[in-house]
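According to numbering that gives the first Met the number 0, the residues represented by the sequence shown are 0 to 54, in order. Built from N, CA and C at the ideal position, the CB exists for glycine as well.
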Amino acid sequence: MPDVKQKVRRLQTAVKELLESLNAAEFEIYHHDPYDGGFKPRTIETFGLTDKDME
């Protein structure tokens, strides 16, 4: 059960951050990836999640 609670907590945090960014005047569809260079589309990975977290 702790694993499920951790996934739920991470998803709640990601959704909260996404909603905050949608409400922000400077919302950007892309984020800057300093390690891979250039701008990348925001995905669940942007918020530190993986497809496994979405199961």
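Cβ-Cβ separation, LYS6 to ASP52 (assumed contact under 8 angstroms), whole Å: 5 angstroms
When SER20, PRO1 and ASP2 are compared against SER46, the one with the closest alpha-carbon: Position check: residue 46 holds Phe in this sequence, whereas Ser was assumed. Considering only alpha carbons, the answer is SER20.
Backbone CA spacing between LYS4 and ASP35 [nearest angstrom]: 32 angstroms
Three-state secondary structure (DSSP) of THR12: helix
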